[in-house]
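Participant: Residue numbers (the numbering used here), protein chains in the order written: chain A, 1 to 163; chain B, 1001 to 1163. The beta-carbon is built from N, C-alpha and C at its ideal position, and this holds for glycine as well.
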DNA sequence: TGGAAAATGATAGTCATTATTATTAAAGGT
DNA sequence: ACCTTTAATAATAATGACTATCATTTTCCA
């Protein structure tokens, strides 16, 4: 993950990794929308409200449904369009998994990967900076600018090994 | 990725990493189809021929088109159906990318991960033993016995960065 | 070889996402 | 505050990848 180069942020360009906490904390929705180069609309504010304060992984449909409660007139195309913009400019991360609808998450939250037990389904979240660094290196070596990654480990947990 | 536990293979369960070469080399298509618990048909043989000898990443559509040349009567549903079976039983690996059609690859080849351009879809294969080792360590630290993993890096390739 | 069970091809359907378009709303200059 | 331009919206149709259905054909083994 790289830092976004957004003007209102106290960004140090040399900082190689994301800060641990939401770097946009306290930044109003309006400011973020302007930073995207877009006009500020009620719909976009409402979408951002869900995205920034709701669950950490959400589908476009879920966002649409939540916003619909307070604003039944919103169209789902608006949600898709705006999520795409947010994704293009790295404010949210888009993850697509086998055929399922894309899931998004506010990109400024802590990053973590998953270790899943294929026997009982238990999920352990972990973070490993060394792996992140190696990923950056690999991408660079091939001339790529990394935007995101998926790292999912599967195995059998201690409990299930005994059983 | 873990070894498949298919009876005709000389599998050593203790081996921590995949062998470097295609573990199914020399195994006839028919045998693999039977191993899947499916009936042997011309269509499936033709699909396997493309999958096993063709390019290393392919879409269902591409397989369909290639097979169509020698057998214009094949339906694309047949290709999708069979690729799904192969994927379910880990004979091929399915990789999905933002909105684009799924790409498949014969799974028995060297283990590698993918670096994908989210702009143009280009895929670079890479292998990094350090990352593999770190994964093992992480799993161990949490008491897990690692069986396989998914590591997909996404970014923008040099070419697309310029454009 | 006969016949149950499975596979096929054609086609229609599903579902997420995207394009289109007429209408409405926002931002900036006056 | 009022225009005016320009973008954003909601509704809807369209797209595209896949999947289900089903009548017909094939496989395979008893």
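So, for residue 153 of chain A: in the same chain, excluding its five sequence neighbours on each side, which residues have a beta-carbon less than 6 Å away from its beta-carbon?
Facilitator: 115
Participant: Within 10 Å of its beta-carbon, does residue 1135 of chain B have 16 or more other beta-carbons around it, so buried, or fewer, so exposed?
Facilitator: buried
Participant: Which residues, taken in chain order from the stretch 1126-1143 of chain B, show a beta carbon closer than 7 Å to some beta carbon of chain A?
Facilitator: 1126, 1128, 1130, 1131, 1134, 1135, 1138, 1139, 1142, 1143
Participant: Less than 8 Å between the CB atoms is what I'm expecting for residue 1103 of chain B and residue 1058 of chain B, so what's the real figure, rounded?
Facilitator: Confirmed, Cβ separation roughly 6 Å.
Participant: What residues in its chain sit with their C-beta under 6 Å from that of residue 1076 of chain B, if we drop five residues either side in the sequence?
Facilitator: 1064
Participant: Starting from residue 166 of chain A, trace the beta strand (DSSP E) both ways and give me its first and last residue.
Facilitator: Since the first and last residues shown for chain A are 1 and 163, residue 166 of chain A lies out of range.
Participant: Okay, do the stretch 1077-1087 of chain B and the stretch 81-90 of chain A touch, 3+ Cβ pairs below 8 Å being the bar?
Facilitator: no
Participant: Within 8 Å of any Cβ in chain A, is that where the Cβ of residue 1044 of chain B sits?
Facilitator: no
Participant: Of all the options B/1150, B/1127, B/1143, B/1158, which has the alpha carbon lying nearest to the alpha carbon of residue 143 of chain A?
Facilitator: B/1158
Participant: What do you get for residue 1046 of chain B, buried or exposed, if any count of 16 or more other CB atoms within 10 angstroms of its CB means buried?
Facilitator: Using a 10 angstroms sphere on the CB of residue 1046 of chain B, the tally of other CB atoms reaches 16 or more, which defines it as buried.
Participant: What are the residues that DSSP puts in a beta bridge with residue 125 of chain A?
Facilitator: A/114
Participant: Which bits of chain A does residue 1167 of chain B rub up against, with CB to CB less than 8 Å?
Facilitator: Here chain B has residues from 1001 to 1163 only, and residue 1167 of chain B is not among them.
Participant: Thinking C-alpha only, which one of B/1060, B/1025, B/1160 is nearest residue 1100 of chain B?
Facilitator: B/1060
Participant: Less than 8 Å between CB atoms is the rule here; does residue 161 of chain A satisfy it with respect to chain B?
Facilitator: Among the CB atoms of chain B, one or more fall inside 8 Å of the CB of residue 161 of chain A.
Participant: Following the continuous alpha helix (DSSP H) through residue 85 of chain A, name the residue where it begins and the one where it ends.
Facilitator: 76-88
Participant: Beta carbon of residue 51 of chain A, beta carbon of residue 106 of chain A: below 8 Å?
Facilitator: yes
Participant: Quick one: which chain B residues come within Cβ less than 8 Å of residue 65 of chain A?
Facilitator: The premise fails here: residue 65 of chain A is roughly 22 Å from chain B at the closest Cβ pair, so nothing lies under 8 Å.
Participant: Can you tell me which of the three DSSP states residue 38 of chain A falls into?
Facilitator: coil
Participant: Check whether the Cβ of residue 79 of chain A lies closer than 8 Å to any Cβ atom in chain B.
Facilitator: no
Participant: Taking Cβ-Cβ distances shorter than 7 Å, what residues in chain A pair up with residue 1152 of chain B?
Facilitator: 149, 150
Participant: Hey, could you find the ends of the beta strand (DSSP E) residue 1156 of chain B is sitting in?
Facilitator: Counting along the chain, the unbroken beta strand (DSSP E) around residue 1156 of chain B starts and ends at 1145-1156.
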